[in-house]
Amino acid sequence: MKLTKIIATLLSVGVIGSMAPVQAQELTGTLAKIKKAGSVTLGVRDGSVPFSYLDDKQQYQGYSIDLCMKVVTALQKHLGMSELKVVMSPVTSANRIPLMANGTIDLECGSTTNNLERQQQVAFAPTMFVIGNRVLSKKSSNIKTLEDLRGKTLVATAGTSTIKQMTILNKEKNLGMTIAVGKDHPESFLMLETGRAVAEANDDILLASQVANSKNPNDYEITKEALSVEPYGIMLRKGDPAFKKVVDDALIRLYKSEDINRIYAKWFTSPIPPKNINLKFPMPPQLKAVFMNPTDSGDPAAYAAVPEAQKTSDKRKK
Numbered sequence: 001m002k003l004t005k006i007i008a009t010l011l012s013v014g015v016i017g018s019m020a021p022v023q024a025q026e027l028t029g030t031l032a033k034i035k036k037a038g039s040v041t042l043g044v045r046d047g048s049v050p051f052s053y054l055d056d057k058q059q060y061q062g063y064s065i066d067l068c069m070k071v072v073t074a075l076q077k078h079l080g081m082s083e084l085k086v087v088m089s090p091v092t093s094a095n096r097i098p099l100m101a102n103g104t105i106d107l108e109c110g111s112t113t114n115n116l117e118r119q120q121q122v123a124f125a126p127t128m129f130v131i132g133n134r135v136l137s138k139k140s141s142n143i144k145t146l147e148d149l150r151g152k153t154l155v156a157t158a159g160t161s162t163i164k165q166m167t168i169l170n171k172e173k174n175l176g177m178t179i180a181v182g183k184d185h186p187e188s189f190l191m192l193e194t195g196r197a198v199a200e201a202n203d204d205i206l207l208a209s210q211v212a213n214s215k216n217p218n219d220y221e222i223t224k225e226a227l228s229v230e231p232y233g234i235m236l237r238k239g240d241p242a243f244k245k246v247v248d249d250a251l252i253r254l255y256k257s258e259d260i261n262r263i264y265a266k267w268f269t270s271p272i273p274p275k276n277i278n279l280k281f282p283m284p285p286q287l288k289a290v291f292m293n294p295t296d297s298g299d300p301a302a303y304a305a306v307p308e309a310q311k312t313s314d315k316r317k318k
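Numbering (our numbering), first residue to last: 1 to 318.
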């Protein structure tokens, strides 16, 4: 029997016609959602420099977005799609988890801490950054430790792990601080800059980027005292192992390649838009270790020694 006749026979009984839908029917969760829509929605931030932010041309870019685009390429290949549209959907610290849970976004590409509390609501890809939570103030305020903030006003951003920790430490240590809330990181820094707060608590790399982009960088200093260890991860929906595997595999391949060093250097040790400021933030040893042995652990002890302040606040959460 000739090949053309075999194909004709198969078509007549619907065998070949049913082969493609079988693969589609096997897709579930986020993979099925993306395949059906022909698009993937990334949750992005307006002002989390250099992870995810709007540049002077109103384009979203950053370290986290570069990593997410690597994942998008892997998703397109996995789904066998000739084209996959990318939708950038702005999120905030306060609404990012609800928007992930309700299906509005598929990947959250910002500066989100992976911790055990959040893992009860969402999932995380292998850690992409490791930072410490610290305090930023003007040098004239002479803030060296958390104790120096006794009776003063501290600002932190709504919806962050930082504001939870500061609230707990304020009560546990009887510091008498007034904790102001910024709607996003730029507003939190503005409150410090304009004197409405004496200090801002945030992740050290975000504080460093705020100072570098400020009008008078030499006016500020970041405390040496780390209040916590914070692993950042790309956030995913919980309970979707097939999707998580594609995402994890894509990032692990990236972490094991030289490409990750190029991407890191692009955002942390090179001039970045819009002001061409170099953050001069070499890769921390904890992050090098993560890239060698990727993990999605939400336990800070998996990355570094846990500061006493974090032990206190974590104990209070339980």
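Yeah, the Cβ is synthetic: ideal placement off N, Cα and C, and Gly gets one too.
Model, not experiment: these values are computed from the prediction.
8 Å contact criterion, which residue i and residue j should meet: CB distance rounded
i: residue 169; j: residue 309; result: 6 Å
i: residue 274; j: residue 56; result: 4 Å
i: residue 242; j: residue 28; result: 6 Å
Length of the line joining the Cα atoms of residue i and residue j
i: residue 224; j: residue 173; result: 19 Å
i: residue 197; j: residue 180; result: 7 Å
i: residue 72; j: residue 231; result: 22 Å
i: residue 269; j: residue 200; result: 24 Å
i: residue 229; j: residue 207; result: 15 Å
i: residue 203; j: residue 35; result: 36 Å
i: residue 49; j: residue 272; result: 9 Å
i: residue 59; j: residue 53; result: 8 Å
i: residue 227; j: residue 140; result: 22 Å
i: residue 312; j: residue 149; result: 17 Å
i: residue 134; j: residue 212; result: 16 Å
i: residue 256; j: residue 137; result: 38 Å
i: residue 90; j: residue 44; result: 5 Å
i: residue 70; j: residue 316; result: 38 Å
i: residue 286; j: residue 300; result: 11 Å
i: residue 209; j: residue 279; result: 6 Å
i: residue 214; j: residue 288; result: 29 Å
i: residue 76; j: residue 252; result: 17 Å
DSSP three-state assignment for residue i, whether helix, strand or coil
i: residue 272; result: strand
i: residue 231; result: strand
i: residue 189; result: helix
i: residue 91; result: coil
i: residue 213; result: coil
i: residue 320; result: Given that the chain is displayed from residue 1 to residue 318, the structure contains no residue 320 and the question cannot be resolved.
i: residue 316; result: helix
i: residue 49; result: coil
i: residue 99; result: helix
i: residue 130; result: strand
i: residue 290; result: helix
i: residue 262; result: helix
i: residue 242; result: helix
i: residue 125; result: coil
i: residue 118; result: helix
i: residue 30; result: helix
i: residue 139; result: helix
i: residue 200; result: strand
i: residue 279; result: coil
i: residue 236; result: strand
Which listed residue (the options) has its alpha carbon closest to that of residue i
i: residue 249; options: 87, 127, 82, 300; result: 127
i: residue 88; options: 101, 78, 64, 79; result: 64
i: residue 145; options: 96, 191, 195, 222; result: 222
i: residue 160; options: 149, 43, 95, 152; result: 95
i: residue 119; options: 265, 236, 307, 293; result: 236
i: residue 117; options: 97, 276, 131, 42; result: 97
i: residue 46; options: 129, 263, 185, 26; result: 185
i: residue 67; options: 277, 262, 314; result: 262
i: residue 115; options: 266, 284, 293, 234; result: 234
i: residue 41; options: 79, 81, 100, 289; result: 100
i: residue 142; options: 297, 245, 220; result: 220
i: residue 307; options: 190, 277, 183, 132; result: 132
i: residue 246; options: 183, 187, 124, 129; result: 124
Contact set for residue i: own chain, Cβ-Cβ below 7 Å, skip 5 residues either direction
i: residue 85; result: 38, 39
i: residue 260; result: 254, 291
i: residue 295; result: 126, 127, 302
i: residue 305; result: none
i: residue 166; result: 154, 156, 179, 201
i: residue 30; result: 106, 237, 240, 243
8 Å CB neighbourhood of residue i in its chain, flanking five on each side removed
i: residue 33; result: 103, 106
i: residue 282; result: 268, 269
i: residue 163; result: 156, 157, 179, 181, 201
Cutoff 6 Å; reference residue i; Cβ partners in own chain excluding five residues on either side
i: residue 151; result: 176
i: residue 298; result: 114, 115, 116, 119
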